[in-house]
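Quick note: the working numbering has the sequence shown finishing at residue 972, numbered continuously throughout. One structure is given below, encoded as structure tokens.
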Amino acid sequence: MADLRVFSYLPNPRIWKSIITARLAGVELDVRGAKPSELPRWLWDFDPRPLSEVSDPERRAAERKAHTGFSGALYKTDAFLKANPTGAVPCAFSPDGRIGIFESNSIMRAVARLGEPGHGLYGTSALESARIDSFLDINLAFARDSQHYLLAIGGRKLSANVHERASGSFRSYLGALEQALAYGDYLCGEALP
Ligand SMILES: N[C@@H](CCC(=O)N[C@@H](CS)C(=O)NCC(=O)O)C(=O)O
780 MADLRVFSYL PNPRIWKSII TARLAGVELD VRGAKPSELP RWLWDFDPRP LSEVSDPERR
840 AAERKAHTGF SGALYKTDAF LKANPTGAVP CAFSPDGRIG IFESNSIMRA VARLGEPGHG
900 LYGTSALESA RIDSFLDINL AFARDSQHYL LAIGGRKLSA NVHERASGSF RSYLGALEQA
960 LAYGDYLCGE ALP
């Protein structure tokens with residue numbers, strides 16, 4: 780049995796970081812999903828599957844309005860929304876489906892925590908892990924603003940305001956990385972794990 784189940788549209792850059800971490804840390808992932816264009820015709824659930832395999836009542840009960848990156852209807856079960864209150868993908872589940880993990884950075888951290896002892900990818904102490912969290916946290920504003928920017932370009936609705944926000948958070952995020960690297964070769968620790 781895999782250590783963690785991940786459901787997403789595939790490929791999704793948001794899960795590459797978890798897949799890379801899993802390879803380096805010796806964690807087995809069970810990655811499920813389909814192309815972005817196919818996912819609206821899937822049941823979003825711990826046991827995700829094409830709607831062709833789902834009964835009509837189950838499909839009707841799961842119908843929701845998409846909110847980000849998709850339009851129209853998506854089919855998310857109550858159990859999916861209980862495990863993953865944002866209703867977004869990627870999301871991950873414990874092998875028994877009882878624990879849901881959402882936000883791609885959190886999924887990556889879960890993979891690192893599940894990894895073999897000593898891999899060092901999430902630091903070598905509580906404080907080093909917290910420093911890594913600091914960089915992941917400042918990434919969130921940039922990730923959100925760049926998502927709005929890319930979706931606006933895709934929808935041919937790019938405004939000066941959206942561009943300005945993405946540009947500002949890009950500068951602020953990379954500025955912090957540059958500042959950290961002005962004092963040494965690593966963002967955290969003294970060597971690559
Ligand atoms: N910050 C989240 C973003 C996830 C996200 O926005 N996912 C969108 C697709 S890009 C989604 O699942 N939308 C579902 C919906 O529209 O209901 C992460 O990094 O995991």
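Built from N, CA and C at the ideal position, the CB exists for glycine as well. Quick caveat: nothing in here was measured; it's all calculated off a predicted structure.
Exposure of residue i, with buried meaning 16 or more beta-carbon neighbours within 10 Å
i: LYS855; result: buried
i: THR847; result: exposed
i: TYR962; result: exposed
i: SER904; result: exposed
i: SER938; result: exposed
i: PRO827; result: buried
i: ILE799; result: exposed
i: LEU960; result: exposed
i: ALA804; result: buried
Alpha-carbon spacing of residue i relative to residue j, whole angstroms
i: CYS870; j: GLU969; result: 32 Å
i: ASN863; j: GLY879; result: 6 Å
i: HIS927; j: ALA945; result: 8 Å
i: ALA840; j: GLU882; result: 25 Å
i: ALA845; j: PHE914; result: 30 Å
i: GLY954; j: LYS861; result: 37 Å
i: PHE825; j: ASP912; result: 27 Å
i: SER831; j: ASP875; result: 24 Å
i: PRO792; j: LYS814; result: 13 Å
i: ASN940; j: PRO829; result: 38 Å
i: ILE932; j: LEU900; result: 35 Å
i: GLU837; j: PHE859; result: 13 Å
i: ARG950; j: LEU929; result: 17 Å
Check: residue i C-beta below 7 Å from any heavy atom of ligand 1
i: LEU853; result: yes
i: PRO869; result: yes
i: ARG793; result: yes
i: SER883; result: yes
i: PHE921; result: no
i: GLY934; result: no
i: GLY812; result: no
i: ALA845; result: yes
i: GLN958; result: no
i: PHE849; result: yes
i: GLY879; result: no
i: GLY866; result: yes
CB contact flag (residue i, residue j, <8 Å)
i: GLU807; j: ASP835; result: no
i: VAL810; j: LEU822; result: no
i: GLY866; j: PRO819; result: no
i: ASP924; j: SER948; result: yes
i: CYS967; j: GLY894; result: no
i: SER787; j: VAL890; result: no
i: TYR965; j: ASN918; result: no
i: MET887; j: SER816; result: no
Residues bridged to residue i (per DSSP)
i: ARG935; result: According to DSSP, which records beta bridges pairwise, ARG935 is partnered with nothing at all.
i: ARG828; result: LEU822
i: ALA852; result: LYS844
i: LEU808; result: LEU783
i: CYS870; result: PHE786 and PHE881
Heavy atom of ligand 3 within 7 Å of residue i beta-carbon
i: ALA931; result: Ligand 3 is absent from the structure shown, which contains only ligand 1.
Chain D contact for residue i (CB, 8 Å cutoff)
i: LYS814; result: Annotation note: the requested chain D is absent from the structure, which comprises a single protein chain.
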